[in-house]
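For reference, the structure is listed below as C-alpha cells.
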Amino acid sequence: MTARHDLPEPDAFTRTYWDAAAEGRLLIRRCGACGRAHHYPREFCPHCWSEDVTWETASGRATLYTWSVVHRNDLPPFTERLPYVPAVVDLAEGPRMMTEIVGPGEPSAGAELRVGFREGIPVFRLLPGAAGS
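Note that the working numbering has the sequence shown beginning at 1, numbered continuously upward.
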C-alpha cells in the first residue's frame, strides 16, 4: 500500500472535527468568554486563553487570502493532482484556514469561495462569477 501524505491522523480531540468533515460539515471553535472563533481546532481560545470553547458549524463561505500553484510534488497522491493550488482563506466567521482550491476558475485575492469536501478533507471552490473565475 502506498503511503498517503494528504490524509489527517485524527486524535481524541480532533476526531469530532474530522468526523464532521466526513459528513460534509466544516466545524470551527468559538470562545464563550471573548466570543471569537478560531481555526485550527484547539482546546483553548488562542485570543484570550479561555478553555470555554465549543464546536460550531461554519457557514462554508470564505474569501481567498493567498495561494500558490504547485507544479512539482513527488509524494503520493500529489503527483496525480499536479498542478494544485494550496491556499489560505478567510472564513466568513473570521478565522483563517489553510486549504486547497479545487475546480475551475483562476484564483484572485478576495475571490468568494464555498467549502466542499474531498475524501473528508475541506477544500474550497471559486463561486461562479467570483473575481477571477
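Even for Gly, the Cβ is constructed at its ideal location relative to N, Cα and C.
Could you tell me the boundaries of the beta strand (DSSP E) in which residue i lies?
{"i": "Phe124", "result": "Ile121 to Leu126"}
{"i": "Phe44", "result": "Neither: Phe44 is in no beta strand (DSSP E) and is coded neither H nor E."}
{"i": "Ala87", "result": "Val85 to Leu91"}
What are the start and end residues of the alpha helix (DSSP H) that includes residue i?
{"i": "Gly17", "result": "Per the sequence shown, residue 17 should be read as Tyr rather than Gly. That run of the alpha helix (DSSP H) goes Arg15 to Ala22."}
{"i": "Glu100", "result": "Where Glu100 is concerned, there is no enclosing alpha helix (DSSP H), although the beta strand (DSSP E) it sits in stretches over Arg96 to Val102."}
{"i": "Arg81", "result": "Phe78 to Arg81"}
CB-CB under 7 Å to residue i, same chain, minus the five flanking residues each way: which ones, in chain order?
{"i": "Glu51", "result": "Glu43 and Phe44"}
Opposite residue i in the DSSP bridges: which residues?
{"i": "Val69", "result": "DSSP, once it has assigned bridges, lists no residue as partnering Val69."}
{"i": "His38", "result": "Arg29"}
{"i": "Arg61", "result": "Arg114"}
{"i": "Trp55", "result": "Arg29"}
Roughly how far, in whole angstroms, is the beta-carbon of residue i from the beta-carbon of residue j, given that I think they are within contact range, below 8 Å?
{"i": "Leu64", "j": "Ala109", "result": "6 Å"}
{"i": "Glu56", "j": "Leu27", "result": "7 Å"}
{"i": "Arg4", "j": "Pro86", "result": "Between Pro86 and Arg4 the Cβ distance is about 16 Å, and since that is not below 8 Å, they are no contact."}
{"i": "Gly116", "j": "Ala21", "result": "Between Ala21 and Gly116 the Cβ distance is about 11 Å, and since that is not below 8 Å, they are no contact."}
{"i": "Pro41", "j": "Tyr17", "result": "5 Å"}
Near residue i, what residues of its chain come up, given a Cβ to Cβ distance below 6 Å and the 5 sequence neighbours on each side ignored?
{"i": "Leu127", "result": "Glu112 and Arg114"}
If you drop the 5 nearest sequence neighbours on each side, which residues of the same chain put their C-beta closer than 8 Å to that of residue i?
{"i": "Gly35", "result": "none"}
{"i": "Leu82", "result": "Val70, His71, Arg72 and Asn73"}
{"i": "Gly32", "result": "Ser50, Asp52, Val53 and Thr54"}
If the criterion is Cβ atoms closer than 8 Å, does the pair residue i and residue j meet it?
{"i": "Val102", "j": "Arg72", "result": "no"}
{"i": "Arg15", "j": "Thr54", "result": "no"}
{"i": "Val70", "j": "Thr99", "result": "no"}
{"i": "Trp67", "j": "Pro107", "result": "yes"}
{"i": "Pro104", "j": "Ala37", "result": "no"}
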